[in-house]
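Peer 1:
Residue numbers (this note's numbering): 15 to 294.
#1: Is residue 143 helix, strand or coil when you go by DSSP?
#2: CB residue 23 to CB residue 269, shorter than 7 Å?
#3: Where does residue 240 sit, in a helix, a strand or coil, going by DSSP?
#4: Whole angstroms is fine: what's the gap from residue 110's alpha carbon to residue 142's?
#5: In whole angstroms, what separates the C-alpha of residue 217 from that of residue 266?
#6: To the nearest angstrom, how far is the alpha carbon of residue 192 from that of residue 176?
#7: Just curious, the alpha helix (DSSP H) that residue 289 is in, first and last residue?
#8: Give me the Cα-Cα distance between residue 165 and residue 292, rounded to the nearest whole angstrom.
#9: Give the straight-line distance between the Cα atoms of residue 171 and residue 223, rounded to the nearest whole angstrom.
#10: Shortest alpha-carbon distance to residue 134 belongs to which of 187, 53, 197, 76?
#11: Measure the Cβ-Cβ separation of residue 119 and residue 173 and say whether it is below 7 Å.
#12: Applying the criterion that 16 or more other CB atoms from any shown protein chain within 10 Å of the CB defines a buried residue, is residue 184 buried or exposed?
#13: Counting C-beta neighbours from all protein chains within 10 Å, is the total for residue 30 16 or more, i.e. buried, or is it exposed?
#14: Going residue by residue through the segment 179-203, where are the continuous alpha helix (DSSP H) segments of at least 4 residues, counting only ones entirely within it?
#15: Assuming residue 214 and residue 241 form a contact by the criterion Cβ under 8 Å, report the distance between their Cβ atoms to the nearest whole angstrom.
#16: Skipping 5 residues on each side, what residues in its chain have a beta carbon closer than 7 Å to that of residue 261?
#17: Are the CB atoms of residue 221 and residue 178 nearer to each other than 7 Å?
#18: So residue 279 and residue 212 are in contact, right, with Cβ under 8 Å, and what is the actual spacing, rounded?
#19: Between residue 114 and residue 83, is the Cβ-Cβ spacing less than 7 Å?
#20: Hey, residue 137 and residue 152 are a contact pair by Cβ (cut 8 Å); roughly how many whole angstroms apart?
#21: Helix, strand or coil for residue 225? Go by DSSP, reduced to three states.
#22: My output table needs one value for residue 45: the three-state DSSP class, helix, strand or coil.
#23: I'd like the span of the alpha helix (DSSP H) that includes residue 260, first residue to last.
#24: Do residue 167 and residue 127 count as a contact pair if the criterion is CB distance below 7 Å?
#25: For residue 188, count neighbouring C-beta atoms within 10 Å of its own C-beta (all shown protein chains included) and say buried if the count is 16 or more, exposed if not.
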């Protein structure tokens with residue numbers, strides 16, 4: 015899933031940093047397909063997969079931690095409520111999602127920093143490119159050249175984004191699925207899981223995009239460019255307008271919706287398989 019959606023992630027990052035800093039006022043902004051064409055013509059197919067090793071490492075760490083923490087907290091809520099079979103209220107799901115996202119993002123932040131830098135490298139002049147060979151080369155060079163703490167550049171907006179995304183994805187998916195099933199029209203089957211995942215992906219894209227733009231710009235910034243997330247937000251809105259916070263929304267949704275759908279449809283089948291094994 016991470017590999018298949020990676021080209022969209024590369025384009026999303028380039029769209030989010032487009033117009034940043036010393037951009038020429040009034041310069042023509044590229045759209046989703048135009049940016050993809052530019053990357054392809056300038057760097058070939060490999061340009062669309064720049065930073066793939068960092069993306070795979072990030073997804074492996076971030077996603078596994080999120081799912082584990084989310085289910086664990088939900089189980090704790092059910093035990094506290096005295097009924098492990100009863101569905102949780104939305105606010106408890108949101109708390110579980112926020113907590114899971116924060117922990118997962120903090121653990122996966124170093125890979126995220128390396129990924130953003132590798133994806134944005136093609137935007138720089140050849141003499142200014144970092145040219146990390148892979149995620150491990152990137153992580154070691156960042157720590158060696160900028161200090162270990164540089165691996166947690168942008169951790170505040172990253173955690174904030176992950177809290178929003180995870181709460182939106184997980185809580186929205188569970189709530190939407192429960193609502194659909196309660197109508198009596200839908201059944202607990204892959205088509206319902208697909209619909210719930212699609213809608214949860216849209217909700218997550220809408221809520222997370224502004225935080226994602228700020229996170230991307232801070233991770234890719236030059237030393238001293240921004241003093242923090244608030245400073246970055248103010249400078250971005252002041253110089254490019256509030257809609258700049260939704261740069262890259264189309265690739266975000268196009269990437270996130272299939273990712274959420276595949277993730278939850280697969281997860282539901284795995285849960286069904288384990289329930290089958292437990293019943294035997």
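Quick reminder that beta carbons are idealized off the backbone N, C-alpha and C, glycines included.
Given the structure is predicted, the values throughout are model-derived calculations rather than measurements.
Peer 2: Put simply:
#1: Taking the first residue of the chain shown as position 1, residue 143 is located at position 129. The answer is coil: DSSP assigns residue 143 none of H, G, I, E or B.
#2: Position 9 of the chain shown, counting from 1, holds the residue named residue 23. Position 255 of the chain shown, counting from 1, holds the residue named residue 269. Their beta carbons are under 7 Å apart, which means residue 23 touches residue 269 by this criterion.
#3: By one-based count along the chain shown, residue 240 stands at place 226. Note: residue 240 maps to coil in three-state DSSP.
#4: On the chain shown, position 96 is the one that residue 110 refers to. On the chain shown, position 128 is the one that residue 142 refers to. The alpha-carbon atoms of residue 110 and residue 142 are separated by roughly 42 Å.
#5: Counting from one through the chain shown, the residue named residue 217 turns up at place 203. Counting from one through the chain shown, the residue named residue 266 turns up at place 252. Answer to the nearest angstrom: the Cα atoms are 11 Å apart.
#6: Along the chain shown, read from residue 1 onward, the residue named residue 192 stands at position 178. Along the chain shown, read from residue 1 onward, the residue named residue 176 stands at position 162. Distance between the alpha carbons of residue 192 and residue 176 is about 23 Å.
#7: As a working note, residue 289 is residue 275 in the chain shown. That run of the alpha helix (DSSP H) goes 263-293.
#8: Position 151 of the chain shown holds residue 165. Position 278 of the chain shown holds residue 292. Rounded to the nearest angstrom, the two C-alpha atoms are 42 Å apart.
#9: Counting from one through the chain shown, the residue named residue 171 turns up at place 157. Counting from one through the chain shown, the residue named residue 223 turns up at place 209. Between residue 171 and residue 223, the C-alpha separation is close to 11 Å.
#10: Taking the first residue of the chain shown as 1, we reach residue 134 at position 120. Per the Cα distances, 53.
#11: Residue 119 sits at position 105 when you count from the first residue of the chain shown. Residue 173 sits at position 159 when you count from the first residue of the chain shown. Taking 7 Å as the Cβ cut-off, residue 119 and residue 173 qualify as a contacting pair.
#12: Sequence index remark: in the chain shown, residue 184 carries index 170 (1-based). Classification of residue 184: buried, given that the 10 Å Cβ count is 16 or more.
#13: Here residue 30 corresponds to residue number 16 of the chain shown, with the count starting at 1. With 16 or more Cβ atoms within 10 Å of its Cβ, residue 30 is classed as buried.
#14: 186-196
#15: Taking the first residue of the chain shown as 1, we reach residue 214 at position 200. Taking the first residue of the chain shown as 1, we reach residue 241 at position 227. Contact doesn't hold; Cβ gap of about 34 Å is too wide.
#16: Counting from one through the chain shown, the residue named residue 261 turns up at place 247. Cβ within range, chain order: 29, 30, 32, 227.
#17: Within the chain shown, the letter at position 207 stands for residue 221. Within the chain shown, the letter at position 164 stands for residue 178. Yes. Within cutoff.
#18: The residue labelled residue 279 in the question sits at position 265 within the chain shown. The residue labelled residue 212 in the question sits at position 198 within the chain shown. In fact, because the Cβ distance is near 10 Å, the residues do not count as touching under 8 Å.
#19: Residue 114 sits at position 100 when you count from the first residue of the chain shown. Residue 83 sits at position 69 when you count from the first residue of the chain shown. Contact flag set, yes.
#20: Locating residue 137 in the chain shown gives position 123, where the first residue counts as 1. Locating residue 152 in the chain shown gives position 138, where the first residue counts as 1. The pair is not a contact, with the Cβ atoms about 16 Å apart (cut-off 8 Å).
#21: By one-based count along the chain shown, residue 225 stands at place 211. Helix, per DSSP.
#22: Translated into positions along the chain shown, residue 45 becomes position 31. In the structure shown, residue 45 sits in coil (DSSP, three-state: anything other than H, G, I, E or B).
#23: On the chain shown, residue 260 is found 246 positions in, with the first residue counted as 1. Looking at the DSSP string, residue 260 is not in any alpha helix (DSSP H), and its letter there is neither H nor E.
#24: As a working note, residue 127 is residue 113 in the chain shown. As a working note, residue 167 is residue 153 in the chain shown. Cβ distance < 7 Å, so residue 127 and residue 167 count as in contact.
#25: The residue given as residue 188 occupies position 174 in the chain shown. Label assigned to residue 188: buried.
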